[in-house]
Amino acid sequence: MSCIYSSNLAFSTSLLGLLTLGTLGTVPVQAASLDSRFDQIFVFSDSLSDPGNLFYITGGQVPENPLSFEGRFSNGPVWTEYFTPKLGLNPTPFTSPVQSSDGVNYSFGGATSGDNNTINILRPDIPMEFPGLTQQLNYFIQPLLATNQSANPDALYVVWAGANDYGFGGVTDPTIPVTNISNAVQSLYGVGARNFLLLNLPGLGNTPLGLNLGLQEPLNQLTAAHNFLLNSAVNGLNQSLTGANIGLVDVDATFNQILQNPSEFGFTNVTDSWSNAVAVCLEVGCEEFPNPDEYLFWDQVHPTTVTHQIIADIAYSTVQSQFPKVPEPTSVLALSVLGLGFLFNQVSSNRRKN
Numbered sequence: 274m275s276c277i278y279s280s281n282l283a284f285s286t287s288l289l290g291l292l293t294l295g296t297l298g299t300v301p302v303q304a305a306s307l308d309s310r311f312d313q314i315f316v317f318s319d320s321l322s323d324p325g326n327l328f329y330i331t332g333g334q335v336p337e338n339p340l341s342f343e344g345r346f347s348n349g350p351v352w353t354e355y356f357t358p359k360l361g362l363n364p365t366p367f368t369s370p371v372q373s374s375d376g377v378n379y380s381f382g383g384a385t386s387g388d389n390n391t392i393n394i395l396r397p398d399i400p401m402e403f404p405g406l407t408q409q410l411n412y413f414i415q416p417l418l419a420t421n422q423s424a425n426p427d428a429l430y431v432v433w434a435g436a437n438d439y440g441f442g443g444v445t446d447p448t449i450p451v452t453n454i455s456n457a458v459q460s461l462y463g464v465g466a467r468n469f470l471l472l473n474l475p476g477l478g479n480t481p482l483g484l485n486l487g488l489q490e491p492l493n494q495l496t497a498a499h500n501f502l503l504n505s506a507v508n509g510l511n512q513s514l515t516g517a518n519i520g521l522v523d524v525d526a527t528f529n530q531i532l533q534n535p536s537e538f539g540f541t542n543v544t545d546s547w548s549n550a551v552a553v554c555l556e557v558g559c560e561e562f563p564n565p566d567e568y569l570f571w572d573q574v575h576p577t578t579v580t581h582q583i584i585a586d587i588a589y590s591t592v593q594s595q596f597p598k599v600p601e602p603t604s605v606l607a608l609s610v611l612g613l614g615f616l617f618n619q620v621s622s623n624r625r626k627n
């Protein structure tokens, strides 16, 4: 299954918008509040960005946590579902039978930065091969090459990977995931993509799993090395890829701020998982379940949905600071009106002179 949208469709959509402007003469107030930087978005990632793709393709077997929200690895929407509305976009999951002209989220839980998917190892009872980042990219790129089309240069391409490489894939050399991510950007650039948003990793040793296993220090060292190399790679790609604009979201810095001052972000627990707390409550018969909005982590490795909201906010702040914004439709209309007014005055003045 593939959902590919060429720049021709984006052009047609823009043309329709211009025709609507010309017909109505006004723009709704709501339209002026929408971000107009990109006309599509495509996401390539793992469970941190999976809007239900893995859940759908496994028939609801993964994630198996009964506290998950509609197949997300969280108790609510993931960060992309908070982020894309800020851009005025509503992409569809790759597995959705309904396609959207706003783009596609190709993310699959378990995906590594390369060919592998850790669900293939963790759930050998499911006779399926799940995609890593490389396969997700192929889902997007191969149909373009087969039809001699280019990727939409006005779309935003999001790549976030690496956590599964270290957490479950056994990778101890950070150059491997960072090279894979760099290659992903170059592959997308090669078919016409120009706007990229990458995200670094929060300290993997600070997850409940990392703490419980006593691996806080080595996992955090791996994370720090990964983030350092990724930052260097982004700087290099911005210089070497002509016309490309690559933004990097510093998720790690924000998580460190949360860990240092949890109450400032509304958290009361940043070391345990909310799912485990609920499980304990069910066993001992708590009078009241813990509030998930006060927990940083939903399970042993994944954030709660309120944490995903924070990630979406910093991602959007990165977009605002690193990507130029095109004029809003209302601004274009205002300039057109001013231009017509100037032209009318000039014509009237000439008539009076004659």
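Numbering (this note's numbering), first residue to last: 274 to 627. For every residue, glycine included, the Cβ atom is placed at its ideal position computed from N, Cα and C. Bear in mind that the values here come from a model prediction, so they are computed numbers and not experimental data.
Neighbourhood of LEU488 by C-beta distance below 7 Å, restricted to the same chain and skipping five residues each side: The beta carbon of LEU488 sits closer than 7 Å to the beta carbons of GLY478 from its chain, once the five residues preceding and following it are set aside; these are given in chain order.
For ARG314: DSSP bridge partner residues: A quick correction: the sequence has Ile, not Arg, at residue 314. In the DSSP output, where bridge partners are listed per residue, ILE314 has GLY376 and LEU429.
Spatial distance of SER546 from GLY476 (CA atoms): Taking the straight line joining both Cα atoms gives about 16 Å.
Simplified DSSP state of SER604, which is helix, strand or coil: Summary for SER604: the model assigns pLDDT 40, below 50, so the residue's position carries little reliability; its value from the coordinates is reported in the next sentence. SER604 falls in the helix class under three-state DSSP.
ASN425 versus PRO364 - alpha carbon distance: 14 Å
Whether GLY376 touches ILE314 by CB criterion (8 Å): yes
Local Cβ density within 10 Å of ILE394, reported as buried at 16 or more and exposed below that: Exposed, because fewer than 16 other Cβ atoms sit within 10 Å of the Cβ of ILE394.
Three-state class that DSSP yields for ILE519 in the structure shown: strand
Whole runs of the beta strand (DSSP E) within the segment 348-409, excluding any shorter than 3 residues: If we require 3 residues or more, the beta strand (DSSP E) runs fully inside the segment 348-409 come out as 376-378.
SER630 in three-state terms, based on DSSP: Examination of residue 630 is not possible in this model, given that the chain is present from 274 through 627 alone.
Local Cβ density within 10 Å of PRO387, reported as buried at 16 or more and exposed below that: Note on identity: in this sequence residue 387 is Gly, with Pro being the wrong assignment. The residue is buried, with at least 16 neighbouring Cβ atoms inside 10 Å.
C-alpha gap between ALA436 and VAL371, whole angstroms: Cα to Cα, the separation comes out at about 30 Å.
Proximity test, VAL316 beta-carbon vs the ligand NAP heavy atom, cut-off 7 Å: The ligand NAP is not among the ligands present in this structure, which contains no ligands whatsoever.
Same chain, Cβ closer than 6 Å to THR385, neighbours up to 5 away in sequence not counted: GLY405, ASN437, ASP438 and GLY442
Straight-line gap, THR580 to ASN504 (C-alpha atoms, nearest Å): 23 Å
Any 3 or more C-beta pairs closer than 8 Å across the segment 349-364 and the segment 580-590: Yes: at least three Cβ pairs fall under 8 Å.
ALA631 burial status per 10 Å Cβ neighbour count (16 or more: buried): This structure leaves residue 631 out entirely; the chain is present only between 274 and 627.
Beta carbon of VAL335 nearer than 8 Å to that of ASN378: no
Beta-carbon contacts of ASN500 that lie in its chain and below 7 Å, excluding the five residues immediately before and after: ASN473, LEU474 and ASP525
Per-residue burial, SER322 [other beta carbons within 10 Å of its own, 16 or more giving buried]: buried
Euclidean distance between Cα positions of THR420 and SER374: 18 Å
Coarse secondary structure for ASN338, derived from DSSP in three states: coil
Of the residues LEU486, PRO563 and GLN415, the one placed nearest LEU461, counting alpha carbons only: GLN415
VAL592 versus ASN549, LEU470 and ILE399, residue with shortest Cα-Cα distance: Looking from the CA of VAL592, the closest CA among ASN549, LEU470 and ILE399 belongs to LEU470.
Within 8 Å, strictly: CB atoms of SER318 and SER380: yes
Beta strand (DSSP E) segment containing LEU486, residue limits: Element bounds for LEU486: n/a, residue is neither H nor E.
Beta-carbon gap between THR265 and PHE596 smaller than 8 Å: With the chain covering only 274 through 627, there is no way to say anything about residue 265.
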